[in-house]
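Notes for the one structure printed next.
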Amino acid sequence: MSATAEPPYRFPGTVAIAAAVAGHEQLAPGESSGTVVTVAGRVMLSRPQGRLAFAELRDWTGAVQLFALAATTERFEELTRLSLGDWIGCTGEVVRTKRGELSVEVATWTLLAATRHGFGDKWRGVHDVDLRYRQREVDLWANERVRETFLLRSKVVAAIRRRLDARGFVEVETPVLQPLPGGANARPFVTHFNALHADFYLRVAPELYLKRLVVGGFERVYELGRDFRNEGLSPRHNPEFTMLEAYQAYADYGDMAELVEDLVAGTAAELLGTTEIEFQGRRVDLAPPWRRASLAEVVSEVTGEECDLAMGRDALAAVAGRLGVEVDAAFGAGRILYEIYERTTEHELTGPVHVMDYPVEVSPLVRAHRSKDGAVERMTPIVGGREIAEIYSELCDPDVQRSRLVAQAAAREAGDDEAMVVDEEFLRALEHGMPPTGGIGLGIDRLVMLFADLPTIREVLLFPALRLDRPAELGEEDGEDAASDAHGLAPGS
RNA sequence: GGGCCGCUAGCUCAUCGGGUAGAGCGGGGGACUUUUAAUCCCAAGGUGCCGGGAUCGAGACCCGGGCGGCCCA
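Number 494 marks the last residue of the first sequence (the working numbering); no jumps.
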């Protein structure tokens, strides 16, 4: 290559490739459009052909063939020597070649960045999943569907915000660093707050803070953000994941079920053009209303075993035994029923179905069912064998909530490290009076998996958590110094 | 945490009953005035994941470890 000119600081006037090509479908082979465009992107294929050359230029909206002629294209030789993956910007007329390919006939062009590494086999791409996750920037170029998935994810998030905003919800941000972990049964990450000389926790859920905002008069409030749970890595779990939580005053779980149905089905219709989707071989129609069925009912349907909370602990334990579900001696009737459901039934439900009438034992933040003893007003909608949301009539009574949390804390003392703790600030807020409120939690990662028909969470996370592929260096002394320097921290400040 | 499978050139993959490795693509050089994964010619490119062991000899066999995948807990 000739002398390497420094890339420009800006390259103005570009038009998206998809837009540059649009409207020229009628151009006949060999015909020129008279329209001159400037496009930019990566050269992903190159076919030099002596005194003329072809290449494929791709940006995030699409691809177009570049057509160059030694006689009319500037620095023609250099253009034919580009590596696959180099960024260029170019200006030329939209034409259709003799062989019928819509192209930009390059007049002038600029190298915007050279690549030092390839983007995989140009035909087969990159399949090594380890490489794909660790170098997602490569994956995004090598595998078209990956890019589409993540663009879809962004659209899903935007669409959900729009729908909530349209219903009068306001988005807020509550602490990620919390002095006590709360709002879900999960192990938290612990970190140290130097200035306060105290350990803090990365939130496992924003729930308790959002409810305090309802107490504070935020009648429709939501937060869409990251939660952290200190659990193992698996195809279905990532330690950090994205959750929507929304709370609506004066509403119950039935109202909130309708909200979830609208968020899911409405977004599907908007982005996929249909509510009928296929997830891992199962066809599902997301069009509301969704079936509602009690937990005992669906367990009976799937297993053929009659069961009901009212049967009592011993009878349910016997059912569990017949179904091969292990039961801890400390479990009560509700917990046993829930274990049976989780092990035998949940994955079999294609849905969409709201599973309801959960036992109070496994639902410490949910209000008691208005008519069914031992049950709470909670629904979990299941689609394609997976839980995609939680829907509650929120527990508002400070005394009941206190006794539930005290019971949780006791379980924690007894060794259940996923059990909750007593949060006095939260309880004091409830004492100020929380109106009847409905709440939802909607897993964004799972929703994207559903819409994109992908079986693993890693395919919908740009940078999923992975084991370190080399020893961590930051803990070492010179490593820390280097990090400070690299961030340009002002010396002596 | 347990079981099974995988790890070979930058990428995608071969090779073998143990005798120190190949192809396509990419990258380098050359030819080519309508290509579509262009084609053709030339040369280069390997710590066979890491560490041990048995063997005259190991990428292959044995042991340990790492990372990944799938399944189970």
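The beta-carbon is built from N, C-alpha and C at its ideal position, and this holds for glycine as well.
Separation of residue j from residue i, as counted between CA atoms
i    : j    : result
A23  : V377 : 55 Å
A108 : A56  : 14 Å
P13  : C91  : 11 Å
L366 : Y393 : 8 Å
G476 : E172 : For G476, the predicted model reports a pLDDT of 39, less than 50, meaning its position is unreliable; a value from the coordinates is still stated below. So the two alpha carbons sit approximately 37 Å from each other.
L46  : L53  : 15 Å
R284 : D374 : 36 Å
H370 : A311 : 14 Å
V265 : E362 : 29 Å
Y248 : L225 : 12 Å
Q281 : L338 : 27 Å
G31  : H25  : 13 Å
L85  : L448 : 35 Å
F151 : P189 : 28 Å
V147 : E241 : 20 Å
T15  : E395 : 51 Å
Y202 : V191 : 5 Å
A187 : T116 : 44 Å
K212 : A411 : 24 Å
R11  : W61  : 18 Å
V177 : K99  : 60 Å
Q27  : K123 : 30 Å
P472 : Y134 : Residue placement at P472 is flagged as unreliable, the pLDDT there being 46, under the threshold of 50; the coordinate-derived value follows with that caveat. Each residue's Cα considered, the two are about 18 Å apart.
A420 : G442 : 19 Å
L296 : L469 : 41 Å
D398 : P436 : 9 Å
V216 : V222 : 11 Å
Q136 : L467 : 12 Å
C308 : D329 : 18 Å
D256 : L431 : 22 Å
L112 : P353 : 51 Å
V37  : R82  : 24 Å
A19  : V96  : 15 Å
Boundaries of the beta strand (DSSP E) in which residue i is found, first to last residue
i    : result
Q50  : S33 to Q50
E241 : E241 to A250
S84  : No beta strand (DSSP E) holds S84; DSSP gives it neither H nor E.
V285 : R283 to D286
M450 : Premise fails: M450 lies in the alpha helix (DSSP H), I445 to A453, not in any beta strand (DSSP E).
I278 : E277 to F280
R293 : R292 to S295
L58  : L53 to D60
I383 : A376 to V384
D200 : A199 to L203
L70  : G63 to L70
T192 : V191 to F194
Inter-residue CB distance, residue i and residue j (contact presumed, cutoff 8 Å)
i    : j    : result
A143 : V127 : 4 Å
V65  : V130 : V65 to V130, Cβ: 30 Å. No contact.
V157 : T268 : 6 Å
E220 : A250 : 4 Å
V300 : T346 : 5 Å
L245 : I161 : 6 Å
Delimiting residues of the alpha helix (DSSP H) encompassing residue i
i    : result
P399 : P399 to E414
S235 : No alpha helix (DSSP H) contains S235, which DSSP labels as neither H nor E.
F332 : From DSSP, F332 is part of no alpha helix (DSSP H); its letter is neither H nor E.
E395 : First-last for E395: undefined, no H or E at that position.
M257 : Y254 to E262
L209 : E208 to V216
Residue closest to residue i, alpha-carbon to alpha-carbon, out of the options
i    : options                   : result
V461 : R154, I18, A41 and D87    : R154
A319 : T175, V303, I341 and E7   : I341
D200 : V65, K212 and L181        : L181
E425 : A412, G416 and S404       : S404
V356 : T381, L350 and Q402       : T381
S33  : R227, L103 and A17        : L103
D496 : H433, E388, R387 and V261 : The chain is shown from 2 up to 494; residue 496 falls before or after that span and cannot be answered.
F464 : A430, T304 and D140       : D140
A71  : L83, G63 and P49          : P49
V422 : V407, M435 and P436       : V407
L80  : V95, W110 and A334        : W110
L350 : D253, G333, W291 and Y223 : W291
I445 : T243, A17 and D309        : T243
L234 : R459, A6 and P8           : R459
F68  : G101, W88 and D87         : G101
L317 : P289, D228, P360 and A288 : P360
A288 : E262, E298 and L273       : E262
heavy atom of the ligand ATP below 7 Å from residue i C-beta
i    : result
Y339 : Looking for the ligand ATP in the displayed structure turns up nothing, as the structure carries no ligands at all.
Minimum length 3: unbroken beta strand (DSSP E) runs contained in the stretch 92-174: 103-114
Along the chain, which unbroken stretches of the alpha helix (DSSP H) at least 4 residues long are found entirely within the stretch 313-371? With a minimum length of 4 residues, the continuous alpha helix (DSSP H) runs that stay inside the stretch 313-371 are 314-324 and 334-341.
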